[in-house]
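**Q** Handing you this structure, nothing more for now.
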Amino acid sequence: MRHIWIGWLMSLMLMTQVAHAQNELNGRQKIESAKIGLITNRLNLTPEQAPQFWAVYNEYNAKKQELNRRIRQLNNEPSRSNLNNNQLLDGLREVNATKQKLADLDNEYMSRFLKVISPPQLAELYKTEQMFNKMLLNQLKQSN
1038 MRHIWIGWLM SLMLMTQVAH AQNELNGRQK IESAKIGLIT NRLNLTPEQA
1088 PQFWAVYNEY NAKKQELNRR IRQLNNEPSR SNLNNNQLLD GLREVNATKQ
1138 KLADLDNEYM SRFLKVISPP QLAELYKTEQ MFNKMLLNQL KQSN
């Protein structure tokens, strides 16, 4: 009987974790859908531009997210309080190097975007991303 109870409890815990992961995934999907809709609307992409733009943008965005994730990891490492000065400086240098990689990524993809969209559309893209991020932060503040 005890084994059945443990098995049932484990199954319940697993189902709870799966449901939580699905809710989180659905939330991310909703955010991504809203972002895609806003960018598409604001850039007025032509039918010829849209597939090329989204291919470049998705690649750019994935790389950008990974670099931002690395910066957050470096800044939030709990073990930083136990480091000596040289180790702290090495960590800070790595943060700065990763920020430089972000700037290099922007420069690289600017030329790739300009092969698909116009300079005014690119400026609008950057403005729209900032606007979307501000809206998202405001939503988070209001929900807390």
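When the letters of the sequence shown are read in order and numbered with my numbering, they come out as residues 1038 to 1181.
Cβ atoms here follow ideal geometry from the backbone N, Cα and C, with glycine treated the same way.
In the structure shown, what three-state DSSP assignment does Pro-1084 receive?
**A** Against the sequence shown, residue 1084 aligns to sequence position 47. In the structure shown, Pro-1084 sits in coil (DSSP, three-state: anything other than H, G, I, E or B).
**Q** For Gly-1128 versus Leu-1111, is the C-beta distance shorter than 8 Å?
**A** Here residue 1128 corresponds to residue number 91 of the sequence shown, with the count starting at 1. Here residue 1111 corresponds to residue number 74 of the sequence shown, with the count starting at 1. Yes, the pair counts as a contact, with Cβ atoms nearer than the cut-off.
**Q** In its own chain, which residues sit with a C-beta less than 7 Å from the C-beta of Phe-1090, not counting the 5 before and 5 after it?
**A** Within the sequence shown, numbered from 1, the residue matching residue 1090 stands at position 53. Excluding sequence neighbours, Phe-1090 sits near Leu-1082, Val-1153 and Ile-1154.
**Q** On a CA-only basis, which of Asn-1122, Ile-1073, Arg-1107 and Tyr-1097 is nearest Ala-1134? Give me that one, please.
**A** Your numbering for residue 1134 matches position 97 in the sequence shown. If we check each option's Cα against that of Ala-1134, Arg-1107 comes out closest.
**Q** Between which two residues does the alpha helix (DSSP H) carrying Val-1132 extend?
**A** Position 95 of the sequence shown, counting from 1, holds the residue named residue 1132. From DSSP, the alpha helix (DSSP H) with Val-1132 extends over 1122–1151.
**Q** Give me the Cβ distance between Phe-1169 and Lys-1072, rounded to the nearest whole Å; I'm assuming they're in contact under 8 Å.
**A** Start at 1 with the first residue of the sequence shown, and residue 1169 comes out as number 132. Start at 1 with the first residue of the sequence shown, and residue 1072 comes out as number 35. Confirmed, Cβ separation roughly 5 Å.
**Q** For Ile-1076, tell me which candidate among Leu-1174, Lys-1100 and Leu-1159 has the shortest Cα-Cα distance.
**A** Numbered from 1 along the sequence shown, position 39 holds the residue referred to as residue 1076. Among Leu-1174, Lys-1100 and Leu-1159, the Cα nearest to that of Ile-1076 is on Leu-1159.
**Q** Expressed to the nearest angstrom, what Euclidean distance is found between the alpha-carbon atoms of Ser-1070 and Leu-1173?
**A** One-based indexing of the sequence shown puts residue 1070 at position 33. One-based indexing of the sequence shown puts residue 1173 at position 136. Cα-Cα distance, rounded: 13 Å.
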